[in-house]
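Q: The numbering of the sequence shown is the numbering used here, which starts it at 8 and goes up by one.
For each residue, glycine too, the CB sits at the ideal point set by N, CA and C.
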Amino acid sequence: MAGSVHEAKLVESHDIMKIFAAEGVEFLLSCDGKVPVSSCKGKAIFLFFSANWCRPCRTLVPLLVELYDTLNKKGNSIEIIFISFDHDESGFDQHFKSTPWLAVPFDANLHRRLINRYQVHRLPSFLPLCSDGITIEEDMIGCIEDYGAEAFPFTNKRLQELKSIDQRKREEANLEELLAHEARNFLISRDDRKVPISELAGKTIGLYFCADWSPPSSAFSAQLTDVYNNLNTGKDHCFEVVLISTDRDLREFNVNRSSMPWLAVPYMDRTRHDVCRIFDIKGIPALVLIGPEGKVISMNGKFVISSYGAEAFPFTDARIRDLEAALRKEGEALPQEVEDVKHEHILKLDMAKAYVCDFCRKQGKFWAFSCYVCDYDLHPSCVEKVSKVESL
Ligand SMILES: [Zn+2]
Ligand SMILES: [Zn+2]
Numbered sequence: 008m009a010g011s012v013h014e015a016k017l018v019e020s021h022d023i024m025k026i027f028a029a030e031g032v033e034f035l036l037s038c039d040g041k042v043p044v045s046s047c048k049g050k051a052i053f054l055f056f057s058a059n060w061c062r063p064c065r066t067l068v069p070l071l072v073e074l075y076d077t078l079n080k081k082g083n084s085i086e087i088i089f090i091s092f093d094h095d096e097s098g099f100d101q102h103f104k105s106t107p108w109l110a111v112p113f114d115a116n117l118h119r120r121l122i123n124r125y126q127v128h129r130l131p132s133f134l135p136l137c138s139d140g141i142t143i144e145e146d147m148i149g150c151i152e153d154y155g156a157e158a159f160p161f162t163n164k165r166l167q168e169l170k171s172i173d174q175r176k177r178e179e180a181n182l183e184e185l186l187a188h189e190a191r192n193f194l195i196s197r198d199d200r201k202v203p204i205s206e207l208a209g210k211t212i213g214l215y216f217c218a219d220w221s222p223p224s225s226a227f228s229a230q231l232t233d234v235y236n237n238l239n240t241g242k243d244h245c246f247e248v249v250l251i252s253t254d255r256d257l258r259e260f261n262v263n264r265s266s267m268p269w270l271a272v273p274y275m276d277r278t279r280h281d282v283c284r285i286f287d288i289k290g291i292p293a294l295v296l297i298g299p300e301g302k303v304i305s306m307n308g309k310f311v312i313s314s315y316g317a318e319a320f321p322f323t324d325a326r327i328r329d330l331e332a333a334l335r336k337e338g339e340a341l342p343q344e345v346e347d348v349k350h351e352h353i354l355k356l357d358m359a360k361a362y363v364c365d366f367c368r369k370q371g372k373f374w375a376f377s378c379y380v381c382d383y384d385l386h387p388s389c390v391e392k393v394s395k396v397e398s399l
């Protein structure tokens, strides 16, 4: 019963013409002046609740303008009607002058009634009145940010389709499909060469998500560069990395990639954004490893690289299992503690991700003999045991 009342309300709310008539709205505004409400007839209508003082609203406007232009160019007849949350007419004018769509003329009371009618609780809000079943609680803004004009007509059916396309792309990991864009079938190198994506065939690929503004990215980039150079010495170039930048602008992107020996997806098209979404990248740095036969080997390449370095190549589960087994075996052959002639305390066997040996000053990894009293570490091979006779 409650459901049918709600549905009836929803159907009624979708008939914007009737609502405008009931509210006494005689015309809408366009950038060229007044237009009759009837000019919306036959179009897919979207209500856009927004305000000039709201930063997320201002951020969304360029995305919506692109969506609006793309859909109208494609021949989908759509109209966006702006309903203002602005405090006064000057805020409204300021906001509206940069947009190509229509607006309900500024009238704070009328706007409040419309906001209540559509139960708008947050800014910005974007309501498709043509939708088959998306309710206003759903994150329409997120959907636009994720898929842009592709999401049209913003129905649940279309969203499910898009999600299953993403899933297929993730599972098939076809590089051409993931990394090319319309007329572009190349990546760019540090020295601005265009490298065809087809040249990646048969290699192990790391999709590297990072940004110049992120210190953890810089730290991991250094490790990845070591592994990259280590694996690609000689003529056998078996490991390629592709930068998927999340830099804030083109300048940062250029600084970021200038320090990297590998390839990059150009900054300007949607591909970077799409690949982030397809692999559900929530934080940077992140590295997705794809095998030569085009299957994802690891979603957590950062862990694989930072734990095992180039030793882990070709990064398969089997290779990681072998490495771990060899490490266990190595540890089992070592004593739990030793007395070393160079140090006054007992040293205990320890597992460390990275350390510097206090004898030879070189980097160490995994097994170490460490002092629990002071900060002192030795490579197992740098230990010089106190002989039994001396210690007596
Ligand atoms: Zn050492
Ligand atoms: Zn000590």
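1. Just to confirm the assignment, what range does the beta strand (DSSP E) spanning Lys41 have?
2. Using only CA atoms, which one of Cys150, Ile90, Ser132, Glu300 lies nearest to Leu121?
3. Using CA coordinates, which residue listed in His352, Cys367, Asp384 is at the minimum distance from Ala359?
4. Based on Cα-Cα distance, which residue from Lys164, Glu178, Pro342 lies nearest to Asp287?
5. Determine the closest residue to Arg129 out of Glu183, Met147, Leu136, with distance taken between C-alpha atoms.
6. Return the chain-ordered list of same chain residues with a C-beta closer than 6 Å to the C-beta of Phe431, the five sequence neighbours on each side being excluded.
7. Among Pro387, Val393, Leu330, Arg335, whose alpha-carbon lies nearest the alpha-carbon of Glu351?
8. Do you know offhand how far Lys50's Cα is from Ser105's?
9. Can you tell me which of Ser388, Leu70, Leu294 puts its alpha carbon nearest to the alpha carbon of Arg277?
10. Measure the alpha-carbon distance for Pro268 versus Trp220 and round it to whole angstroms.
11. With a threshold of 7 Å, establish whether the CB of Cys389 neighbours any heavy atom of ligand 4.
12. Taking DSSP's pairing of strands, which residues face Ile90 in a bridge?
13. Quick one: what's got a C-beta closer than 7 Å to Thr142's C-beta in the same chain, skipping five residues either side?
14. Considering only the alpha carbon of each residue, which of Phe260, Asp173, Cys150 lies closest to Thr162?
15. What distance in whole Å lies between the Cβ atoms of Ala58 and Asp95, which are believed to be in contact at a cut-off of 8 Å?
16. Contact between the region 359-371 and the region 334-344: three or more CB pairs below 8 Å?
17. May I have the straight-line CA-CA distance separating Ala333 from Tyr315, to the nearest angstrom?
18. What residue range does the alpha helix (DSSP H) around Asp403 cover?
19. Can Val248 be considered in contact with ligand 2, in the sense that its beta carbon sits closer than 7 Å to one or more heavy atoms?
20. According to DSSP, Asp254 sits in a beta bridge with which residue or residues?
21. Taking Gly290 as the reference, give the member of Gly298, Leu296, Asn307, Pro299 with the closest Cα.
22. Thinking C-beta only, is Phe216 closer than 8 Å to Thr253?
23. At which residues does the beta strand (DSSP E) containing Leu354 begin and terminate?
24. Rounded to whole angstroms, what's the CA-CA distance from Glu144 to Ala158? Just pull it up for me.
25. For a test of the three-state rule: what should DSSP assign to Glu144, helix, strand or coil?
26. Assign Cys283 to buried or exposed, taking buried as 16 or more other Cβ atoms, counted over all protein chains shown, within 10 Å of its Cβ.
27. Using 8 Å as the threshold, is the C-beta distance between Lys355 and Glu391 below it?
A: Straight from the coordinates:
1. What you label residue 41 is simply residue 34 of the sequence shown in a count that begins at 1. Unbroken beta strand (DSSP E) run through Lys41: 40-43.
2. Counting from one through the sequence shown, the residue named residue 121 turns up at place 114. Of the residues Cys150, Ile90, Ser132, Glu300, the one whose Cα lies closest to the Cα of Leu121 is Ile90.
3. In the sequence shown, residue 359 corresponds to position 352, counting from 1. That would be Asp384, whose Cα lies nearest to the Cα of Ala359.
4. Working through the sequence shown from its first residue, we reach residue 287 at position 280. Nearest of Lys164, Glu178, Pro342 to Asp287, Cα basis: Glu178.
5. Within the sequence shown, numbered from 1, the residue matching residue 129 stands at position 122. When only C-alpha atoms are compared, the closest one is Met147.
6. Nothing can be reported for residue 431: it is not among the residues displayed for the chain, which extend from 8 to 399.
7. Taking the sequence shown and counting its residues from 1, one reaches residue 351 at position 344. The option with the nearest alpha carbon to Glu351 is Val393.
8. On the sequence shown, residue 50 is found 43 positions in, with the first residue counted as 1. On the sequence shown, residue 105 is found 98 positions in, with the first residue counted as 1. Cα to Cα, the separation comes out at about 22 Å.
9. For the purposes of this step, residue 277 is taken as the residue at position 270 of the sequence shown. Nearest C-alpha to Arg277: Leu70.
10. As a working note, residue 268 is residue 261 in the sequence shown. As a working note, residue 220 is residue 213 in the sequence shown. C-alpha separation (whole angstroms): 19 Å.
11. With respect to ligand 4, the structure offers nothing, as its ligand set consists of ligand 1 and ligand 2.
12. Position 83 of the sequence shown, counting from 1, holds the residue named residue 90. Answer is Phe56, bridged to Ile90.
13. By one-based count along the sequence shown, residue 142 stands at place 135. The predicted position of Thr142 is uncertain, since its pLDDT is 49 and thus under 50; no value can be drawn from it.
14. The residue labelled residue 162 in the question sits at position 155 within the sequence shown. Taking only the C-alpha atoms, the option nearest Thr162 is Cys150.
15. Indexing the sequence shown from 1 puts residue 95 at position 88. Indexing the sequence shown from 1 puts residue 58 at position 51. Going by Cβ atoms, the distance from Asp95 to Ala58 rounds to 11 Å, so no, they are not a contact pair.
16. no
17. Taking the first residue of the sequence shown as 1, we reach residue 333 at position 326. Taking the first residue of the sequence shown as 1, we reach residue 315 at position 308. Rounded to whole angstroms, Ala333 to Tyr315 spans 12 Å at the Cα level.
18. Given that the chain is displayed from residue 8 to residue 399, the structure contains no residue 403 and the question cannot be resolved.
19. Mapped onto the sequence shown, residue 248 falls at position 241. Checking every heavy atom of ligand 2 against the Cβ of Val248, none is found closer than 7 Å.
20. Your numbering for residue 254 matches position 247 in the sequence shown. Per DSSP, none; premise fails for Asp254.
21. Walking along the sequence shown from the start, residue 290 turns up at place 283. Ranking Gly298, Leu296, Asn307, Pro299 by Cα distance to Gly290 puts Asn307 first.
22. The sequence position of residue 253 within the sequence shown is 246, counting from 1. The sequence position of residue 216 within the sequence shown is 209, counting from 1. Yes.
23. Here residue 354 refers to the residue found at position 347 when the sequence shown is read from its first residue. It spans 353-363 - the beta strand (DSSP E) in which Leu354 sits, taken as one unbroken run.
24. By one-based count along the sequence shown, residue 144 stands at place 137. By one-based count along the sequence shown, residue 158 stands at place 151. Here Glu144 scores only 47 on pLDDT, less than 50, and its place in the model should not be relied on; the value that follows carries that caveat. For Glu144 and Ala158, the distance between alpha carbons rounds to 17 Å.
25. Locating residue 144 in the sequence shown gives position 137, counting from the first residue. Residue placement at Glu144 is poorly supported in this model, since its pLDDT is 47, which falls under 50; the coordinates still yield a value, given next. Three-state result, Glu144: coil.
26. The residue given as residue 283 occupies position 276 in the sequence shown. It counts as buried.
27. Here residue 355 refers to the residue found at position 348 of the sequence shown. Here residue 391 refers to the residue found at position 384 of the sequence shown. No. Outside cutoff.
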